[in-house]
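In the numbering used here, the protein residues as written are -10 to 160.
Where is the CB? At the ideal position from N, CA and C, for every residue including glycine.
These notes concern the structure reproduced below.
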Amino acid sequence: MSDTPDHPAILEAFRAAMRHVAATVYAVTTGRVGERHGILATAVSSLSFDPPSLLVCINRSASLHEPLACAETFCVNVLGLGNRDIAEIFTRERGEGRFAVGEWSEAHGVPVLANAQSSFVCRTAHRHEFGTHTIFIGELIDARHREDAAPLTYYDRHYIDISAAPERASR
Ligand SMILES: Cc1cc2nc3c(=O)[nH]c(=O)nc-3n(C[C@H](O)[C@H](O)[C@H](O)COP(=O)(O)O)c2cc1C
């Protein structure tokens, strides 16, 4: 290991290590009058039960950043294996085009994916800038959950069924 924190080798080691961290895939969305915005994210975490809260880390260069910074509410949609079409269209399209597939409804002014594994509508409680990203902390105001969904997982630059992770790791 190098002692120089900004050595390019550190970044490469971080990238390589993070590729092998299996991550749940989320569609983070927000809205403002007549507009819907969303990106795929994996930098999402539950924060606390008291109050029920989540955090999402959004790159300031992302199209979602400005609308999210202005919005009072946002939605964290946990994608299931059955939502692969959402992951694909969010990667392929931009803006409103990202909402062309899937059954999207509106709750508290934000787009909610009807058949997501779970959806958490949050009111933004705090924002913290770090490096290239803003961490948005949201307090939960509404939640929906389906018992019958399996998570869509991002691992080694692919979407996988989590049961396949040990197989890929042993290559
Ligand atoms: C699997 C996956 C996970 C991602 N996770 C994040 C994330 O946690 N935060 C983030 O800001 N961007 C994340 N991105 C990138 C955004 O989804 C998006 O592609 C990027 O911000 C450019 O979006 P834009 O075209 O809307 O500006 C991720 C992309 C993929 C494919």
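Where residue i sits in the DSSP three-state scheme
i: N104; result: coil
i: A114; result: strand
i: E82; result: coil
i: D150; result: strand
i: R4; result: helix
i: R21; result: strand
i: D131; result: strand
i: E179; result: Since the first residue shown for the chain is -10 and the last is 160, residue 179 is missing from the structure and cannot be characterised.
i: G69; result: strand
i: E95; result: strand
i: L57; result: helix
i: A16; result: strand
i: A139; result: coil
i: P41; result: strand
Buried versus exposed call for residue i [16 or more other C-beta atoms within 10 Å across all chains shown]
i: P100; result: buried
i: A60; result: buried
i: V249; result: Missing from the structure shown is residue 249; the chain here goes from -10 to 160 and no further.
i: G120; result: exposed
i: F3; result: exposed
Beta-carbon gap between residue i and residue j smaller than 8 Å
i: G91; j: D74; result: yes
i: I124; j: C46; result: yes
i: F88; j: R25; result: yes
i: Y144; j: V67; result: no
i: S108; j: R133; result: yes
i: H97; j: D150; result: no
i: N48; j: H117; result: no
i: A76; j: L29; result: yes
Distance, residue j Cα to residue i Cα
i: S52; j: A5; result: 26 Å
i: R135; j: G69; result: 10 Å
i: E128; j: F63; result: 10 Å
i: V110; j: H(-4); result: 39 Å
i: A139; j: G23; result: 32 Å
i: R83; j: L36; result: 29 Å
i: H54; j: A12; result: 21 Å
i: L141; j: W93; result: 18 Å
i: M7; j: F38; result: 27 Å
i: S50; j: S152; result: 34 Å
i: A(-2); j: H9; result: 17 Å
Reference residue i; option with closest CA among the options
i: R162; options: T31, T113 and L57; result: Residue 162 lies beyond the stretch modelled for the chain, which goes from -10 to 160, so this question has no answer here.
i: G71; options: Q106, E118, R112 and N48; result: Q106
i: A114; options: A12, L43 and V17; result: L43
i: E95; options: E1, R8 and T18; result: T18
i: V65; options: F79, I78 and G27; result: G27
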